[in-house]
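Residue numbers (the UniProt record's numbering): 1 to 416.
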């Protein structure tokens, strides 16, 4: 009897367990089938296709967040402190408030940092490049936003980056196919200042030097120092400021060799950066990496607000980011020698040189702050209407390094 009772108990337990597994599998399959068939997100249009092998549109929330009236405050949390400084000037002391969302279609959001219970956070923004460990287990319904303004050349080997499969919902990067694309500057129609012919003549008369560059990150994948040396070998005078050069900015209020144009224009005496640039005909806008869409302040607002021609070397399609005939792109020349010859011609021909400033009669430059405002407005709106914006990236590393199997970066091919 004891033996029969024991077998009966075992059989009963097996039956119960089998039923539980069956029910679980049924509802799991129902759950997956219900969530995966949703309309794709179509908010930003560009020439690059959506890489469906790396990201799929999938639900991001199951919490009670459907079609709110805007009364519920959504908490957008900055996870790792290392990149607070990127947004500090923009946020400007408004942490923990909804100040930055005033004027947005949906304004019931706040940006926060510091120690906050993870279950009270609606969206986490983080940069894997600055993280020694990944965010903790992802609560159901929480949105994870991948943020990065540098190329994958400098962080894609971090462990955290590869531990984010099926966790990242949205992206904010320099790439145009990101959910929230943010460049380092923009051009808008309408000029803020008209240049008379006398203005242009005076500008050219002050330019008694050829080319200038600000660099402190010396060894780079793009080998920009080698490019500079090659340009110099063909007779182009180049003054190098920063840790990689010999020029200093003593007259600008600091003895140090400033890191880069971004820091110089923001931290030196007013107008000092412009005074330095006014002496030169060309600014060498040489990026550390040659990657799709990667173009920074070196060729956008920080430089283009000044009357100087940028010589751009990057992996972007500059015609998308810049007005026509406002720049020189190194990829348009068969060799560095050919580029040097063109620069010499412009240096000696005032009319041809000043023709590169005609765009200023029709456009003006703006910094990235307005685009940040727009991006955060859209983030806030998405958080309040989650059923309209459903997405998860199967493999964020694949999306950022080689979307669709095609690498976004390449090595230099012009050092000849």
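Even for Gly, the Cβ is constructed at its ideal location relative to N, Cα and C.
Since the structure is predicted, the reported quantities are computational estimates derived from the model, not experimental observations.
Straight-line Cα distance separating residue j from residue i
i           : j           : result
residue 386 : residue 160 : 26 angstroms
residue 214 : residue 103 : 37 angstroms
residue 171 : residue 350 : 45 angstroms
residue 324 : residue 406 : 28 angstroms
residue 152 : residue 296 : 15 angstroms
residue 340 : residue 284 : 12 angstroms
residue 93  : residue 169 : 28 angstroms
residue 86  : residue 217 : 18 angstroms
residue 121 : residue 383 : 11 angstroms
residue 173 : residue 146 : 8 angstroms
residue 118 : residue 134 : 13 angstroms
residue 414 : residue 230 : 10 angstroms
residue 202 : residue 294 : 34 angstroms
residue 131 : residue 137 : 15 angstroms
residue 329 : residue 400 : 25 angstroms
residue 175 : residue 356 : 27 angstroms
residue 154 : residue 163 : 17 angstroms
residue 377 : residue 226 : 42 angstroms
residue 25  : residue 116 : Only weak support is given to the placement of residue 25: the predicted model assigns it a pLDDT of 38, under 50, and the value that follows is read from those uncertain coordinates. Roughly 35 angstroms between the two C-alpha positions.
residue 354 : residue 144 : 48 angstroms
residue 232 : residue 208 : 17 angstroms
residue 248 : residue 287 : 21 angstroms
residue 114 : residue 198 : 54 angstroms
residue 237 : residue 404 : 42 angstroms
Proximity to residue i [Cα-Cα], best of the options
i           : options            : result
residue 148 : 119, 376, 128      : 128
residue 105 : 374, 278, 339      : 374
residue 289 : 300, 304, 316      : 316
residue 342 : 189, 78, 235       : 235
residue 332 : 182, 399, 311, 323 : 311
residue 398 : 80, 389, 409       : 409
residue 89  : 376, 369, 382      : 369
residue 189 : 396, 403, 371, 359 : 359
residue 306 : 364, 164, 390, 150 : 364
residue 402 : 292, 80, 209, 179  : 292
residue 417 : 309, 372, 313, 322 : Since the displayed the chain opens at 1 and closes at 416, residue 417 lies outside it and no answer follows.
residue 205 : 193, 248, 279, 237 : 279
residue 142 : 77, 194, 182       : 77
residue 313 : 200, 203, 228, 80  : 228
residue 139 : 150, 345, 123, 334 : 123
residue 366 : 183, 95, 79        : 183
residue 179 : 346, 237, 348, 390 : 390
residue 301 : 321, 239, 232      : 321
residue 239 : 281, 114, 200, 378 : 281
residue 335 : 112, 416, 209      : 416
residue 80  : 99, 112, 277       : 112
residue 421 : 187, 224, 72       : Because the chain spans 1 through 416 in this model, residue 421 falls outside it and cannot be assessed.
Residues bridged to residue i (per DSSP)
i           : result
residue 410 : 290
residue 364 : 188
residue 109 : 74
residue 310 : 283
residue 211 : 238, 282
residue 343 : Answer by DSSP bridge pairing: none, since residue 343 is not bridged.
residue 148 : 173
residue 221 : In DSSP, residue 221 forms no bridge with anything.
Counted within 10 angstroms of its Cβ, other Cβ atoms place residue i as buried (16 or more) or exposed
i           : result
residue 185 : buried
residue 211 : buried
residue 246 : exposed
residue 492 : The chain is shown from 1 up to 416; residue 492 falls before or after that span and cannot be answered.
residue 219 : exposed
residue 74  : buried
residue 125 : buried
residue 177 : buried
residue 222 : buried
residue 191 : exposed
residue 396 : buried
residue 347 : buried
residue 303 : buried
residue 91  : buried
residue 326 : buried
Spatial neighbours of residue i in its chain, beta-carbon cut-off 7 angstroms, leaving aside the 5 residues before and after
i           : result
residue 97  : 110
residue 166 : 392, 394
residue 150 : 129
Cβ-based neighbour list, residue i, same chain, cut-off 8 angstroms, excluding 5 preceding and 5 following
i           : result
residue 381 : 104, 105, 106
residue 361 : 191, 194, 195
residue 345 : 352
Same chain, Cβ closer than 6 angstroms to residue i, five either side skipped, listed in chain order
i           : result
residue 337 : 234
residue 101 : 107, 109, 380
residue 411 : none
residue 371 : 182
residue 277 : 306, 308
Residue i Cβ short of 7 angstroms to the ligand FAD heavy atom set
i           : result
residue 127 : The ligand FAD is absent from the structure shown, which contains no ligand whatsoever.
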